[in-house]
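**Q**
In our numbering, the protein residues as written are 76 to 390.
(1) Could you tell me the boundaries of the alpha helix (DSSP H) in which residue 166 lies?
(2) Taking the runs of the alpha helix (DSSP H) that are 4 residues or longer, which of them lie wholly in the stretch 329–376?
(3) Counting only the same chain and skipping the five closest in sequence on each side, list residues whose C-beta sits under 6 angstroms from that of residue 315.
(4) Tell me which residues share the same chain as residue 201 and place their Cβ nearer than 7 angstroms to its Cβ, disregarding the 5 neighbours each side in the sequence.
(5) Which residue's Cα is closest to the Cα of residue 352: 188, 154 and 164?
(6) Classify residue 76 as buried or exposed, calling it buried when 16 or more other Cβ atoms lie within 10 Å of its own Cβ.
(7) Looking at the secondary structure, which residues open and close the alpha helix (DSSP H) in which residue 185 lies?
(8) Could you tell me whether the stretch 155–163 touches the stretch 258–265, where touching means 3 or more Cβ pairs closer than 8 angstroms?
(9) Could you check where the beta strand (DSSP E) with residue 324 kicks off and where it finishes?
(10) Assuming residue 168 and residue 146 are in contact, meaning their beta carbons sit under 8 angstroms apart, how far apart are those beta carbons, in whole angstroms?
(11) Residue 241: buried (16+ other C-beta within 10 angstroms of its C-beta) or exposed?
(12) Between which two residues does the alpha helix (DSSP H) carrying residue 226 extend?
(13) Out of 89, 94, 82 and 112, state which residue places its alpha-carbon closest to the alpha-carbon of residue 104.
(14) For residue 358, I'd like the list of residues in its chain whose CB is within less than 8 angstroms of its CB, leaving aside the five on either flank, ordered along the chain.
(15) Looking at C-alpha atoms only, which residue of 285, 368 and 141 is the closest neighbour of residue 166?
(16) Do the CB positions of residue 283 and residue 310 come within less than 7 angstroms of each other?
(17) If you compare alpha carbons, which of 180, 239, 342 and 126 is closest to residue 281?
(18) The alpha helix (DSSP H) with residue 147 in it runs from where to where?
(19) Go ahead and pull the three-state DSSP assignment for residue 307.
(20) With residue 248 as the anchor, note down where its beta strand (DSSP E) starts and where it stops.
(21) According to the Cβ coordinates, are residue 190 and residue 360 closer than 7 angstroms?
(22) Mind the definition here: the stretch 364–375 touches the stretch 214–232 only if three or more C-beta pairs lie below 8 angstroms; say whether that holds.
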């Protein structure tokens, strides 16, 4: 009987994919964290590593897996992986591509609505018993979305799906990318500061990478201005958290909605104390559609790798 390939699973993955993995592979894990000291017996035989972009996969961890030939990422991110070191050892890397883009795009629109229409504040207003009397002006008036400008930082798979959904609300769309996108009708800005100055809502949908760290800084928030809203469904590293807290506390911007944070799952108390920010626990892709698509892509990446072909999500 031929031995099944050994795969090492770092995060606790959903039961649906674990059952499918166990049918074809010898599965080790999950682990408490991607640390060498947490490696289980038999890890030296692992040919494939299953992890997430938000989890650290450094050179020491990679070197502790002498049989490793590929890294399969659950989700679209890969910022936690030392890709240069992995590739120097001939290790191939694959992620889920745009598998979760539809769900993240709809969550982005929901986050924009939640912040600009103050849905969380309204919820607290009712729960705390502050809705008294029969006045029309129960809470401060807000501009709404119709006719407002939404700037998308990163017109990739998520940004391109969010844009027409926002157009349906009567929004005008602009974007900033490293390069102009040829087949879209939206206004292109060659700098993030120019986009922030133009828009009312800045949606961060850029890929996580070292060059994007703190791209949204104090200068960008200043350009967004006191009537502007920041929404981040990308990665926490794209926004300077301290600068954002300063801007929110000083009401230098109107508000924010954040689904991602620099040091997940730790969210600074400064953010948690603010009423003008909506906070969610990195759940933009938390739909059955997105999760099953990500699982299927990971399985496809693995089967293609072991069959000797190119993986559909190969980076």
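Using N, Cα and C, we set each Cβ at its ideal position, and we do this for glycine too.
**A** In short, the structure shows the following:
(1) Careful: residue 166 lies outside any alpha helix (DSSP H) and carries neither H nor E.
(2) 344–347
(3) 289 and 292
(4) none
(5) 188
(6) With a pLDDT of only 48 at residue 76, under the threshold of 50, the placement of this residue in the model should not be trusted; the figure read from the coordinates follows. With fewer than 16 Cβ atoms within 10 Å of its Cβ, residue 76 is classed as exposed.
(7) 176–191
(8) no
(9) Element bounds for residue 324: not the beta strand (DSSP E) but the alpha helix (DSSP H), 316–324.
(10) 5 angstroms
(11) buried
(12) Not the alpha helix (DSSP H): residue 226 falls in the beta strand (DSSP E), residues 224–228.
(13) 82
(14) 182 and 334
(15) 141
(16) yes
(17) 180
(18) Not the alpha helix (DSSP H): residue 147 falls in the beta strand (DSSP E), residues 145–148.
(19) strand
(20) 247–251
(21) no
(22) no
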